[in-house]
Amino acid sequence: MSDINDVIGKINACGTLSEIPTKDFLDAETGYAHIVAKNSKKLNTTQLRKFFAALKKLEQKDTWDEIETEFYLLKPRMAVSVGRKNLPKPFYDVILAAMAKVDNVSDEEVIVKNFDIFVKFFEAIVAYHKYEEEVSKSQRRRY
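Read in order, the letters of the sequence shown are residues 1 to 143 in UniProt numbering.
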(Lines of atoms letter the chains of each structure in order from A; the text may use other names.)
(Lines give C-alpha, C1' and ligand atoms only; values in the text may rest on other atoms or scores of the structure.)
Protein backbone atom coordinates (compact mmCIF):
# COMPACT_ATOMS: atom_id res chain seq x y z
CA MET A 1 0.00 0.00 0.00
CA SER A 2 1.58 3.24 -1.04
CA ASP A 3 -0.91 6.02 -1.47
CA ILE A 4 -4.03 7.63 -0.08
CA ASN A 5 -6.35 5.86 -2.53
CA ASP A 6 -5.10 2.52 -1.20
CA VAL A 7 -5.82 3.69 2.36
CA ILE A 8 -9.32 4.82 1.36
CA GLY A 9 -9.92 1.43 -0.26
CA LYS A 10 -8.82 -0.44 2.86
CA ILE A 11 -11.01 1.72 5.11
CA ASN A 12 -14.00 1.37 2.79
CA ALA A 13 -13.56 -2.42 2.75
CA CYS A 14 -14.10 -2.72 6.50
CA GLY A 15 -17.39 -2.55 8.37
CA THR A 16 -16.19 -0.34 11.21
CA LEU A 17 -12.88 1.21 12.26
CA SER A 18 -12.61 -1.23 15.16
CA GLU A 19 -12.28 -4.09 12.64
CA ILE A 20 -8.97 -2.69 11.39
CA PRO A 21 -5.91 -3.78 13.40
CA THR A 22 -4.34 -0.90 15.33
CA LYS A 23 -0.98 -1.59 13.70
CA ASP A 24 -2.52 -1.03 10.26
CA PHE A 25 -3.59 2.45 11.33
CA LEU A 26 -0.62 3.58 13.36
CA ASP A 27 2.54 1.74 12.32
CA ALA A 28 5.48 3.75 11.00
CA GLU A 29 6.05 3.60 7.23
CA THR A 30 3.27 1.11 6.40
CA GLY A 31 0.52 2.45 8.68
CA TYR A 32 -2.38 4.32 7.16
CA ALA A 33 -1.64 7.47 9.17
CA HIS A 34 1.96 7.62 7.97
CA ILE A 35 0.95 6.99 4.36
CA VAL A 36 -1.62 9.80 4.57
CA ALA A 37 0.92 12.19 6.12
CA LYS A 38 3.62 11.28 3.62
CA ASN A 39 1.24 11.87 0.71
CA SER A 40 -0.18 15.12 2.11
CA LYS A 41 2.84 17.40 1.91
CA LYS A 42 0.65 20.37 0.94
CA LEU A 43 -1.44 19.91 4.06
CA ASN A 44 -1.62 23.15 6.02
CA THR A 45 -0.32 22.43 9.54
CA THR A 46 -2.50 25.10 11.11
CA GLN A 47 -5.64 23.59 9.58
CA LEU A 48 -4.61 20.09 10.60
CA ARG A 49 -4.06 21.15 14.21
CA LYS A 50 -7.33 23.12 14.24
CA PHE A 51 -9.33 20.02 13.35
CA PHE A 52 -7.31 17.87 15.73
CA ALA A 53 -8.03 20.31 18.59
CA ALA A 54 -11.76 20.08 17.81
CA LEU A 55 -11.57 16.28 17.95
CA LYS A 56 -9.71 16.33 21.26
CA LYS A 57 -12.42 18.58 22.68
CA LEU A 58 -15.09 16.12 21.55
CA GLU A 59 -13.13 13.25 23.05
CA GLN A 60 -13.83 14.69 26.51
CA LYS A 61 -17.57 14.10 26.12
CA ASP A 62 -19.10 10.92 27.49
CA THR A 63 -21.78 9.82 25.03
CA TRP A 64 -22.19 9.67 21.27
CA ASP A 65 -25.25 11.93 21.58
CA GLU A 66 -22.97 14.65 22.97
CA ILE A 67 -20.35 14.08 20.26
CA GLU A 68 -22.37 13.38 17.11
CA THR A 69 -23.42 16.87 15.94
CA GLU A 70 -20.00 18.46 16.35
CA PHE A 71 -18.35 15.39 14.85
CA TYR A 72 -20.40 15.71 11.67
CA LEU A 73 -19.88 19.48 11.55
CA LEU A 74 -16.23 18.67 10.89
CA LYS A 75 -17.22 17.58 7.37
CA PRO A 76 -18.47 20.99 6.14
CA ARG A 77 -15.72 22.77 8.05
CA MET A 78 -13.12 20.66 6.30
CA ALA A 79 -14.92 21.16 2.98
CA VAL A 80 -14.48 24.93 3.39
CA SER A 81 -10.77 24.39 4.00
CA VAL A 82 -10.55 22.26 0.86
CA GLY A 83 -12.29 25.01 -1.08
CA ARG A 84 -9.81 27.56 0.25
CA LYS A 85 -6.92 25.28 -0.73
CA ASN A 86 -5.84 24.90 2.92
CA LEU A 87 -6.61 21.18 2.97
CA PRO A 88 -5.81 18.80 0.09
CA LYS A 89 -8.83 16.98 -1.37
CA PRO A 90 -7.21 13.50 -1.03
CA PHE A 91 -6.70 14.14 2.71
CA TYR A 92 -10.34 15.22 3.02
CA ASP A 93 -11.41 12.05 1.18
CA VAL A 94 -9.54 9.73 3.54
CA ILE A 95 -10.97 11.51 6.58
CA LEU A 96 -14.50 11.22 5.14
CA ALA A 97 -13.95 7.50 4.54
CA ALA A 98 -12.84 7.02 8.15
CA MET A 99 -15.70 9.16 9.52
CA ALA A 100 -18.20 6.99 7.64
CA LYS A 101 -16.98 3.96 9.61
CA VAL A 102 -17.53 5.52 13.04
CA ASP A 103 -21.29 5.28 13.54
CA ASN A 104 -22.45 2.81 10.91
CA VAL A 105 -23.57 0.40 13.66
CA SER A 106 -26.36 0.69 16.25
CA ASP A 107 -24.34 -0.21 19.36
CA GLU A 108 -23.29 3.02 21.11
CA GLU A 109 -20.37 1.29 22.82
CA VAL A 110 -18.96 0.28 19.42
CA ILE A 111 -19.61 3.77 18.05
CA VAL A 112 -17.65 5.39 20.89
CA LYS A 113 -14.85 2.85 20.39
CA ASN A 114 -14.76 3.69 16.67
CA PHE A 115 -14.69 7.40 17.50
CA ASP A 116 -11.71 6.85 19.83
CA ILE A 117 -9.92 4.96 17.05
CA PHE A 118 -10.70 7.80 14.63
CA VAL A 119 -9.17 10.33 17.06
CA LYS A 120 -6.03 8.20 17.46
CA PHE A 121 -5.78 7.87 13.67
CA PHE A 122 -6.03 11.64 13.30
CA GLU A 123 -3.47 12.14 16.09
CA ALA A 124 -1.06 9.81 14.32
CA ILE A 125 -1.52 11.74 11.07
CA VAL A 126 -0.63 14.96 12.93
CA ALA A 127 2.48 13.32 14.41
CA TYR A 128 3.66 11.78 11.14
CA HIS A 129 2.93 15.03 9.28
CA LYS A 130 5.27 16.85 11.67
CA TYR A 131 7.86 14.11 11.22
CA GLU A 132 7.64 14.33 7.42
CA GLU A 133 7.92 18.13 7.61
CA GLU A 134 11.13 17.86 9.63
CA VAL A 135 12.60 15.19 7.34
CA SER A 136 11.83 17.38 4.35
CA LYS A 137 13.45 20.43 6.00
CA SER A 138 16.61 18.52 6.88
CA GLN A 139 16.89 17.18 3.33
CA ARG A 140 16.55 20.68 1.90
CA ARG A 141 19.29 21.95 4.23
CA ARG A 142 21.70 19.33 2.93
CA TYR A 143 21.47 20.56 -0.64
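Backbone N, C-alpha and C define an ideal beta-carbon position, used for all residues, glycine too.
Buried versus exposed call for residue i [16 or more other C-beta atoms within 10 Å across all chains shown]
i           : result
residue 15  : exposed
residue 137 : exposed
residue 41  : exposed
residue 102 : buried
residue 12  : exposed
residue 135 : exposed
residue 98  : buried
residue 21  : exposed
residue 76  : exposed
Three-way DSSP call (helix, strand, coil) for residue i in this model
i           : result
residue 58  : helix
residue 9   : helix
residue 69  : helix
residue 15  : coil
residue 114 : helix
residue 29  : coil
residue 63  : coil
residue 138 : helix
residue 90  : helix
Inter-residue Cα distance where the pair is residue i and residue j
i           : j           : result
residue 5   : residue 94  : 8 angstroms
residue 49  : residue 106 : 30 angstroms
residue 81  : residue 122 : 16 angstroms
residue 111 : residue 47  : 26 angstroms
residue 85  : residue 51  : 15 angstroms
residue 38  : residue 141 : 19 angstroms
residue 71  : residue 58  : 7 angstroms
residue 113 : residue 18  : 7 angstroms
From the options, residue whose alpha carbon lies closest to that of residue i
i           : options            : result
residue 61  : 115, 125, 99, 83   : 115
residue 120 : 42, 10, 56, 30     : 56
residue 44  : 138, 129, 111, 110 : 129
residue 68  : 83, 108, 3         : 108
residue 53  : 74, 65, 34, 66     : 74
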